[in-house]
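Residue 548 in the working numbering sits at position 362 of the sequence shown; the count goes up by one each step and never skips. In what follows, a structure is listed as structure tokens, so that the remarks can point back to it.
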Amino acid sequence: MATETSTRSTTSATTGSEWWRTAVIYQIYPRSFADASGDGIGDLPGITGRLSSLAELGVDAIWLSPFYTSPQNDAGYDVADYCDVDPLFGTLDDFDRMLETAHSHGIRVIVDLVPNHSSDQHRWFQAALAAGPGSEERDRYTFRDGRGENGELPPNNWQSVFGGSAWSRVTEADGEPGQWYLHLFDSSQPDFNWDNRWVHEQFLDVLRFWLDRGVDGFRVDVAHGLIKVEGLPDWAPPVEGGSMGGGSASLEPEISAEPEGAATLPPYWAQEGVHEIYREWRELLDSYDGDRALCAEAWVDPLPKLAKWVRPDEMHQAFNFVYLETPWKASALRTVIDDSLDAFGEVGAPSTWVLSNHDVVRHASRLALTADNLQGHGIGPKTKGLPDPVVGLRRARAATALMLALPGSAYLYQGEELGLPEVIDLPDEARQDPTFLRTNGERYGRDGCRVPIPWEAEAPACGFSETGESWLPQPAGWGAFARSEQRGVDGSTLELYRQMLALRAEHGLGLSTLKWLQTESDDVLAFTTAGITVMANIGTTDAALPSGASIILASAPLDGDVLPPDTTVWLR
Ligand code: NOJ
């Protein structure tokens, strides 16, 4: 080892306050984090009560998935009032208290904004239904007449991300079947019409509402989906069964031959028009004091295309799902790291890194799956290639130790610091993801990564809720992962995360420059950053550790001078 081969860094902050360039941001999925009311669904007071443990973990910021008024058909991503809190989660006062407490711990708060669609229960959609075809109210959403002699066929062939048609037909005031409305997700999530200026104005007001309350930024849901091609043309994936399978719309654009993908890009993803919207939002954020940030949830590939979302006058960050989807293979990882730093660096933005969230199989399971698993399908008892949990956790720890050494900003998903696996054996009747329901169970969906967090091994619902209620059942053995079992325990996943975050902050790894080192095997990745050498053995045989190096962190126990498979070390 030791020959330098190439150097890459994240773009330096131009002012000391651009916290988002290096931040470790912890995703809270409110309904599964901590339940103070005892109804089995996590809430804002529950979050407030647990913030000190996140301060102890060492995160810089939290991102909260939606807690707004919602019928909860898609766990809150179906918003019925963008400026209020659903009683399930508490009140606006609870939000203010949570925000103030987070800030008092030095933790910034990002909230979720869902601009592609609302709930069908939103007053705007209800007004659109009542007002009838051709009205101003209908023009705020994507209504069309149907095809066929009597309009009985959907306006085009688009499929919902969750399975089935992306169109539903309404019954008009006269009791007759009428127009159709577009929903790229569940039928209870009608898509807005972003060609209508009125929609822009409403969302600017929503942004102001939360900025005025003091939030530090927004994670923008489906940030690649707001603009659809004029005329809403039919579209079919070029390759049968795109990444969500069955010809359904995928969260990500289908692979296209051309970089811009003009010919084969789905007419609802990654259209140029979305960038105008974010430029206006950026101006608004910039007009506020402090350092507020926008992060795009944009399933856009390849990386240089995704980087358009974070040009200097657009958003600040975009989730790096290309990284998340990279297999546990050294060459693929090195390539995606280089490509990410290059693509984001090219536009002056930090790269982000992420391995888990509320939409994907937890990485402690995903990295040990032995058969292909399409994004959004989830895993369950009948899935082929189910993971070995020991291998999964070992890889997850090694993968996170690699990720947290990289320059840029990293996202963590609640529970990964406990090493939580995907819950595979949820009973069918407990599953709530619309993906499971809309595909009649053909896809398990995302409930397995949303099971409530175990805090205390011996408490009811493992400390999630005093009453023992839990909206998804916690599996037997969940208590073994509880924070109470890991806190202060050398070698536990929780202590490993704590150590990684502390060292990352102490050495300024987020702003550092990565220099690749040559290694004895293609399966071993090694680089230096801020005076630390990081080595990850992604192969199946031991690798030699450099002699005389002092180990400051190891993702698995070491025995002698070798780096075992599926292990990452930080050395000095
Ligand atoms: C992406 C969110 O992360 C996911 O949970 C949700 O179902 C869809 N967007 C629709 O809002």
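Beta carbons: idealized from backbone N, C-alpha and C, even for Gly. Fair warning: this is a prediction, and the values are worked out from it, not measured in the lab.
Around the C-beta of R236, 16 or more other C-beta atoms lie within 10 Å, and the residue is accordingly described as buried. In this structure, DSSP gives T450 a state outside helix and strand, which the three-state scheme calls coil. Of all C-beta pairs linking the segment 292 to 311 to the segment 384 to 404, three or more are shorter than 8 angstroms, placing the two stretches in contact.
In this structure, the straight-line span from the alpha carbon of S256 to that of T726 is close to 48 angstroms. A contact is defined here as three or more CB-CB pairs under 8 angstroms, and the segment 687 to 696 fails this definition with respect to the segment 541 to 557.
By the 16-neighbour rule on beta-carbons within 10 angstroms, P363 is exposed.
Less than 7 angstroms separates the beta-carbon of L299 from that of V406. By the CB criterion at 7 angstroms, L588 and G605 fall outside the cutoff. Boundaries of the alpha helix (DSSP H) around S517: 516 to 532. Remark: C-beta atoms of A516 and P490 do not approach each other more closely than 7 angstroms.
S595: member of the beta strand (DSSP E) spanning 595 to 599, first to last residue.
According to DSSP, residue pairing for M721 in a beta bridge involves A712, V755. Spanning the alpha carbons of I737 and D472 requires a straight line of approximately 43 angstroms. H544 sits in coil when the DSSP states are folded into three classes, being neither helix nor strand. Counting only unbroken stretches of 4 or more residues, the alpha helix (DSSP H) elements lying wholly within the segment 598 to 634 are 620 to 624, in sequence order.
In terms of side-chain proximity, the C-beta atom of F507 is found no nearer than 6 angstroms to any non-hydrogen atom of the ligand NOJ. W396 is the residue among H461, W396, E532 whose C-alpha sits nearest the C-alpha of Y474. By alpha-carbon distance to A209, the top candidate from S537, R465, P216, G232 is S537. Look at D270 here: in three-state DSSP terms it is strand.
In terms of Cα proximity to T625, the closest of L739, A479, G663, V347 is V347.
The closest CA to that of C635, considering only G649, E655, E608, D676, is found on E608. For F329, DSSP records a beta bridge to Y367. Any heavy atom of the ligand NOJ within less than 6 angstroms of a residue's beta carbon puts that residue on the list, which reads D260, Y263, V300, F371, D407, V408, E483, H544, D545.
R330 and Y509 have their alpha carbons spaced roughly 38 angstroms apart. Note on W641: 16 or more other CB atoms within 10 angstroms of its CB, so buried under the neighbour-count rule. DSSP places D391 within a helical segment (H, G or I) once states are collapsed to three. A straight line joining the alpha-carbon of A359 with that of E511 spans about 47 angstroms. Note that the C-beta distance between E652 and G224 is below 7 angstroms. Taking E500 as the centre and dropping the five residues before and after it, the same chain places the C-beta of H461, Y464, R465, R468 closer than 7 angstroms to its C-beta, in chain order. The continuous alpha helix (DSSP H) containing T234 extends over residues 230 to 243. Between the alpha carbons of L703 and A712 lies a distance of about 5 angstroms. Judged by DSSP in its simplified three-state form, F348 adopts coil rather than helix or strand.
The closest CA to that of G562, considering only L412, Y268, D633, is found on D633. Looking only at I724, D745, G746, the smallest Cα-Cα distance to V710 is reached by I724. Of all C-beta pairs linking the segment 381 to 392 to the segment 338 to 358, fewer than three are shorter than 8 angstroms, placing the two stretches out of contact.
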